[in-house]
Structures are given as structure tokens and as C-alpha cells.
């Protein structure tokens with residue numbers, strides 16, 4: 142068995158979410174948010190990381206790595222697991238960051254995903270965004286929604302991912318998965334092609350540039366359900382981020398288009414619990430006519446107040462979701478205040 146197989150197997154058995162391999166340190170695994178050294182393997186040397194790269198990557202992939210200085214991919218090791226990998230050059234050698242990908246998509250109940258979020262699988266058109274910081278479980282939430290579509294709808298689903306994480310078996314739906322860098326050059330071109338492939342549902346791994354955002358909006362406008370992620374915290378920040386990508390003279394038109402196609406924005410964060418694990422907090426904004434008007438009129442800063450007012454419609458702000466976890470004694474007071482968007486208001490609510 143190779144060095145990296147040993148490292149990844151040990152990390153999996155420990156329940157790690159990530160593994161880092163870099164020159165000058167022993168491998169480190171991330172357990173419940175903390176980096177733990179795997180001392181028994183000793184410090185990595187340049188030949189060690191080079192050997193791992195040559196073992197895992199094809200010649201074509203290594204050529205792209207040398208050309209760009211970094212490369213994203215996914216791969217599996219039999220009897221060990223599936224991984225998302227980013228390889229990059231640093232100080233003349235290679236470093237590797239592995240993310241453990243669950244073989245089976247965890248159930249919504251296990252993940253704590255609200256029913257109103259999972260029910261989004263019933264939507265036939267529009268744009269659904271899952272947002273949050275890196276490592277907050279956005280891909281897993283989207284996978285749960287895709288899994289529901291696959292189990293309950295006759296649909297053609299196309300996923301565009303960088304790289305592919307979860308793999309799906311065809312059930313009621315046809316699920317075609319395309320990996321950016323392998324099956325297509327970039328998100329924008331893959332998304333344009335997807336529109337010619339008779340899709341019902343399109344998953345875009347991440348919306349991070351003008352062309353991808355614009356094409357995703359067009360796809361939603363033309364009767365497709367589009368699911369994607371954005372690296373933001375909070376519904377109002379998400380709306381502003383998408384609009385700010387565009388030149389100022391286009392922003393009002395994009396605001397109108399976005400207001401017309403958005404169906405929901407879900408933001409999530411992972412909070413440490415008392416037993417050393419982590420738990421998800423979900424902010425949920427369902428889009429109705431009033432929310433569309435706020436977005437259209439450039440009043441996205443009022444979305445938090447709206448979510449607080451219409452909580453009975455399945456909406457909840459991030460701070461109220463965190464407060465619920467605190468009151469249920471699932472997170473400590475210190476953690477709740479640390480992750481709150483408005484710690485002062487959170488503190489006052491804790492005293493009530």
C-alpha cells in the first residue's frame with residue numbers, strides 16, 4: 142500500500158474532513174475544524190509529494206498542473222474512499238489538499254437541512270442559490286436536493302462541477318455529470334452547451350464570474366431549474382455580490398432579471414458543538430412578490446427584516462437559526478456570538 146493510501150485511510154478512520162500534505166511537515170488532518178498532525182509519517186520531502194502527484198494524476202493532468210501551477214480533480218481509492226483534490230505548487234515543490242467526499246449522500250435529516258429547503262426539488266424553473274464560506278457543506282446540501290429530484294422526478298439533470306464530488310446513479314431521472322477541466326474547459330462554455338442538451342435541471346458548481354452568472358440567469362429565465370453556490374454569508378450579501386459583478390450600467394437590468402428568476406437563497410455555516418463535532422445553521426429566504434420588489438428596487442439590505450417578519454412562511458435569518466441552536470443547547474454562548482452577524486442583538490435576545 143502506498144504512502145498516500147495509508148494517510149488517507151487513517152484520516153478516514155479518524156473521521157477527518159480534510160488532509161493536507163506539504164513539504165517540511167508531517168501530513169495533517171482536519172478533525173472538527175482543527176488541524177491535527179499525523180506525526181507517525183514524519184516530515185514530507187519534495188520526493189514524497191512528487192511521488193503522490195505521479196501516483197494520482199494522469200500525464201495530461203500533470204501537464205495542466207505544470208502549466209497553471211494548480212489543478213482541481215476528484216478521484217477514488219478502492220476500499221478507502223472518494224476525494225476532491227487540489228494540487229498546487231509552493232516554493233518549488235508540490236502541496237496537496239484532500240477533501241473527503243461521502244460515498245453516499247447523507248440524508249437531509251442527518252444533515253439537519255430544513256424541510257422547506259429539501260422541498261425545493263419540486264421547483265420546475267428558477268434559480269436556487271446555496272451560499273456560505275468554504276467547507277460549510279454547500280455541495281452536500283445541493284447533492285441532497287439533486288438526490289430528491291433523482292428519486293422523485295422524471296427529469297434530465299446536468300451537473301457542471303469542478304471537480305465532481307458525489308456521483309449519482311440514474312433512477313427516475315437521467316443525471317449526466319460533467320467535470321470542468323476534463324469534460325469541458327470552463328463553467329461558462331459548459332453552461333452554454335447544457336442549454337442545447339434538453340435539460341430540466343442544471344447544477345452549476347459555483348457562480349463566480351460575469352459570464353457564468355449571466356448565462357445561469359438566462360437558463361433560469363428560459364424555463365430551467367438552476368442550482369448553484371456563491372461564497373457569501375447572508376441573502377442580502379449574495380444579491381449584492383451577484384449584481385456587483387456587472388458593470389454599473391448593466392446593474393439595474395441584472396437586478397430586474399435576478400428578481401424575476403430567484404426562487405430561494407439558502408446560507409449555511411458549520412458551528413462547533415460541545416462534543417467536538419459540528420452542526421449546520423441555515424438561513425432561508427424564499428422569494429415571493431414582496432422580496433422580488435425589494436431586489437428590483439435595490440433594497441436588499443431590508444431582506445433580513447423581511448425574513449424576521451415572515452418567519453411563519455419558512456424563512457429564518459442566520460442569527461435566528463444560530464439562536465435556536467443555542468437555546469437547544471447544541472452550541473455554546475461563545476460560539477453563537479462568534480458566528481452571529483449581529484452579536485449585540487444576539488446577546489440581547491439571549492437574555493430574554
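Numbering (this note's numbering), first residue to last: 142 to 493.
Note that CB positions come from ideal geometry on N, CA and C, so glycine has one too.
All figures in this text were calculated on a predicted structure; none of them were measured in a lab.
CB contact flag (residue i, residue j, <8 Å)
| i | j | result |
| --- | --- | --- |
| residue 159 | residue 241 | yes |
| residue 244 | residue 409 | no |
| residue 254 | residue 146 | no |
| residue 297 | residue 324 | no |
| residue 350 | residue 322 | no |
| residue 229 | residue 202 | no |
| residue 336 | residue 345 | no |
| residue 473 | residue 415 | yes |
| residue 464 | residue 490 | yes |
| residue 313 | residue 295 | yes |
| residue 480 | residue 258 | no |
| residue 261 | residue 269 | yes |
| residue 191 | residue 224 | no |
| residue 362 | residue 264 | no |
| residue 237 | residue 305 | no |
| residue 449 | residue 458 | yes |
| residue 221 | residue 187 | no |
For residue i, the three-state DSSP class (helix, strand or coil)
| i | result |
| --- | --- |
| residue 307 | coil |
| residue 421 | strand |
| residue 440 | coil |
| residue 221 | coil |
| residue 235 | strand |
| residue 248 | coil |
| residue 171 | strand |
| residue 452 | helix |
| residue 213 | strand |
| residue 381 | helix |
| residue 240 | strand |
| residue 386 | coil |
| residue 230 | strand |
| residue 355 | helix |
| residue 293 | helix |
| residue 255 | coil |
| residue 370 | strand |
| residue 178 | strand |
| residue 348 | coil |
| residue 185 | strand |
| residue 428 | coil |
| residue 325 | strand |
Residue range of the beta strand (DSSP E) that includes residue i
| i | result |
| --- | --- |
| residue 320 | 315–320 |
| residue 301 | 297–302 |
| residue 410 | 403–413 |
| residue 159 | 159–162 |
Cβ neighbours of residue i in the same chain (closer than 7 Å, five flanking residues each side left out)
| i | result |
| --- | --- |
| residue 156 | 172 |
| residue 246 | 284, 285, 288 and 307 |
| residue 462 | 422, 423 and 424 |
| residue 455 | 257, 425 and 427 |
| residue 249 | 259 and 285 |
| residue 352 | 329 |
6 Å Cβ shell around residue i - same chain, five flanking residues per side excluded
| i | result |
| --- | --- |
| residue 373 | 272, 379 and 382 |
| residue 376 | 406, 426 and 444 |
| residue 152 | 160 and 170 |
Boundaries of the alpha helix (DSSP H) in which residue i is found, first to last residue
| i | result |
| --- | --- |
| residue 480 | 474–480 |
| residue 495 | Because the chain spans 142 through 493 in this model, residue 495 falls outside it and cannot be assessed. |
| residue 272 | Unbroken run through residue 272 is the beta strand (DSSP E), 267–272; no alpha helix (DSSP H). |
| residue 338 | Per DSSP, residue 338 belongs to no alpha helix (DSSP H) and is neither H nor E. |
| residue 152 | 144–155 |
Any non-hydrogen atom of the ligand NAD closer than 7 Å to residue i Cβ
| i | result |
| --- | --- |
| residue 289 | Ligands are entirely absent from the displayed structure, and the ligand NAD is therefore not among its contents. |
Exposure label - residue i; buried when at least 16 CB within 10 Å
| i | result |
| --- | --- |
| residue 293 | exposed |
| residue 291 | buried |
| residue 326 | exposed |
| residue 143 | exposed |
| residue 395 | buried |
| residue 189 | buried |
| residue 397 | exposed |
| residue 319 | buried |
| residue 485 | exposed |
| residue 492 | exposed |
Chain-order list of residues whose beta-carbon lies under 8 Å from that of residue i (same chain, five-residue window excluded)
| i | result |
| --- | --- |
| residue 176 | 161, 169 and 170 |
| residue 166 | 178, 184 and 185 |
| residue 365 | 266, 336, 340, 341, 342 and 343 |
| residue 385 | 392 |
| residue 399 | 268, 358, 380, 383, 384 and 436 |
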